[in-house]
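Per our numbering, the sequence shown starts with residue 32, numbered consecutively.
Glycine included, each C-beta is placed from N, C-alpha and C at the ideal position.
None of these values were measured; they are calculated from a predicted model.
Reading through the structure tokens given below for one structure.
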Amino acid sequence: MAARRIRTRITELFGIEHPILLGGMMHLSDARIVAAVVNAGGMGYITPRSFDTLEDYRKELRLCRELTGGRPFGVNLTFASRAAQNAEIVDHIRIALEEGVRHFESAGNSPDQIVPVIHDAGGLLLHKCPSVRHALSAERLGVDAVALVGMEEGGHPGFNQLSTFVNGAFALERLERTPLVLGGGIGSGAQIAAALAMGADAVVMGSRFMAATEVWAHDALKQRIIESDEHASIPIMAHLSTWRVLRNDAAVQVRDLELAGVAKAHRDYGDLILSSRTKEQVYLKGDTNAGIVSFGPAGAFTNRVEPAGDIVRGLMEEALKALASVAARTVEDHITQAP
Numbered sequence: 032m033a034a035r036r037i038r039t040r041i042t043e044l045f046g047i048e049h050p051i052l053l054g055g056m057m058h059l060s061d062a063r064i065v066a067a068v069v070n071a072g073g074m075g076y077i078t079p080r081s082f083d084t085l086e087d088y089r090k091e092l093r094l095c096r097e098l099t100g101g102r103p104f105g106v107n108l109t110f111a112s113r114a115a116q117n118a119e120i121v122d123h124i125r126i127a128l129e130e131g132v133r134h135f136e137s138a139g140n141s142p143d144q145i146v147p148v149i150h151d152a153g154g155l156l157l158h159k160c161p162s163v164r165h166a167l168s169a170e171r172l173g174v175d176a177v178a179l180v181g182m183e184e185g186g187h188p189g190f191n192q193l194s195t196f197v198n199g200a201f202a203l204e205r206l207e208r209t210p211l212v213l214g215g216g217i218g219s220g221a222q223i224a225a226a227l228a229m230g231a232d233a234v235v236m237g238s239r240f241m242a243a244t245e246v247w248a249h250d251a252l253k254q255r256i257i258e259s260d261e262h263a264s265i266p267i268m269a270h271l272s273t274w275r276v277l278r279n280d281a282a283v284q285v286r287d288l289e290l291a292g293v294a295k296a297h298r299d300y301g302d303l304i305l306s307s308r309t310k311e312q313v314y315l316k317g318d319t320n321a322g323i324v325s326f327g328p329a330g331a332f333t334n335r336v337e338p339a340g341d342i343v344r345g346l347m348e349e350a351l352k353a354l355a356s357v358a359a360r361t362v363e364d365h366i367t368q369a370p
């Protein structure tokens with residue numbers, strides 16, 4: 032008997048088997064974890080800013096191409112709040128195209144400058160945004176798909192204060208033609224089924240994969256994720272650009288600075304919020320309290336370290352079971368005609 036799978040506009044457009052996307056995770060989305068998701072039938076995006084040099088980034092793309100054996104994979108393009116940091120995105124796109132990559136995920140500011148570049152090269156652009164307003168703007172720019180994230184998203188959901196499914200319901204009413212991906216707080220197959228049932232074409236996930244075997248981060252972090260519950264993340268820096276993170280000592284220190292009215296700008300946090308600190312102290316050394324870790328409540332669905340392929344397959348089995356359960360509860364009303 033053939034295995035059942037779910038077909039959506041995203042699975043058809045991207046040429047993938049399952050409507051599961053691994054979004055770009057700073058420092059963590061390298062060739063191994065991306066390839067593992069891709070080989071299991073999903074889509075994943077390598078984060079160029081995770082690498083020290085452009086040549087290191089190019090080598091990672093080549094490794095991912097080797098590991099995936101020709102399956103499509105993507106590159107994440109995140110626009111920083113400070114414009115000076117965005118000049119390198121041109122090189123990130125150029126190198127990706129040179130290495131045969133045609134799938135891109137953008138986030139942050141408007142992708143208006145990169146849409147024509149990617150389309151002229153025959154590429155596809157998924158733009159991730161935090162509100163329906165931004166999703167509609169992205170549609171007008173001609174992006175190939177929109178990923179809409181709710182306030183539950185680990186990382187940067189912007190100033191959005193709406194949940195994933197509220198955002199998604201309004202987006203589905205207003206988007207005219209663009210496939211919709213939902214993200215933020217999604218960590219179970221039942222939630223995937225719910226997203227598909229309401230009309231979404233796929234889900235984008237991050238925190239649920241942080242403890243995957245292929246993620247290079249320290250085992251101490253993975254163990255902390257396994258022990259986490261749905262209250263293990265908190266939002267910080269809401270006055271600048273909300274950041275949902277693991278509730279640890281560093282995050283509490285940041286929140287205390289904000290409550291005291293001390294932190295008004297990025298520089299007021301010192302090195303507490305530096306990405307390099309998180310990489311060195313948390314991901315490499317395993318001190319899970321020493322840096323800010325992007326993390327959302329979806330991570331609490333993790334109960335063991337396991338290969339990413341097993342996570343994908345488990346999620347799809349749960350999703351199909353949930354959809355079958357709904358179908359089994361659907362009944363027809365038989366109306367008896369009066370004589």
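N- and C-terminal bounds of the beta strand (DSSP E) containing Y76
74 to 77 is the extent of the beta strand (DSSP E) around Y76.
Beta strand (DSSP E) segment containing K159, residue limits
155 to 160
Excluding sequence positions up to five away, which residues of its chain have a Cβ less than 6 Å from the Cβ of R38?
none
Sorted by chain position, which residues of the same chain lie with C-beta nearer than 7 Å to A242's C-beta, five sequence neighbours on each side aside?
K253, I256, I257, T333, V336
For a test of the three-state rule: what should DSSP assign to R344, helix, strand or coil?
helix
Alpha carbon of K316 to alpha carbon of M268, nearest angstrom
25 Å
Cα separation between E363 and I51?
32 Å
What's the gap between the Cα of R35 and the Cα of I47?
14 Å
Let me know if T84 comes out buried or exposed under the rule of 16 or more other beta-carbons within 10 Å of its beta-carbon.
exposed
Extent of the continuous alpha helix (DSSP H) run through A114:
First-last for A114: undefined, no H or E at that position.
Looking at the structure shown, is I51 part of a helix, part of a strand, or coil, going by DSSP?
strand
At 4 residues or longer, what runs of the alpha helix (DSSP H) sit wholly inside the stretch 85 to 110?
85 to 99
Cβ neighbour criterion (16 or more within 10 Å) applied to H158:
Buried, because 16 or more other Cβ atoms sit within 10 Å of the Cβ of H158.
Beta-carbon contacts of I41 that lie in its chain and below 7 Å, excluding the five residues immediately before and after:
P50, A176, P210, V212, D232, A233
Considering I37, what are the terminal residues of the alpha helix (DSSP H) in which it resides?
I37 -> no alpha helix (DSSP H), and no H or E assigned at all.
Distance CB(S238)-CB(A329) smaller than 7 Å:
yes
Run through DSSP, which three-state label would E136 get?
strand
Who are the near neighbours of E207 in its chain, counting only those whose CB is closer than 8 Å to its CB and skipping five residues on each side?
E170
Nearest-angstrom Cβ-Cβ length linking A127 and L92, presumed shorter than 8 Å
About 6 Å separates the two Cβ atoms, so the contact holds.
P188 in three-state terms, based on DSSP
Coil, per DSSP.
Is I265 helix, strand or coil when you go by DSSP?
Strand at I265.
Own chain partners of G340 with C-beta closer than 6 Å, once the 5 adjacent residues on each side are dropped
A67, A71
Taking the C-alpha atoms as reference points, what is the distance between R102 and V174?
22 Å
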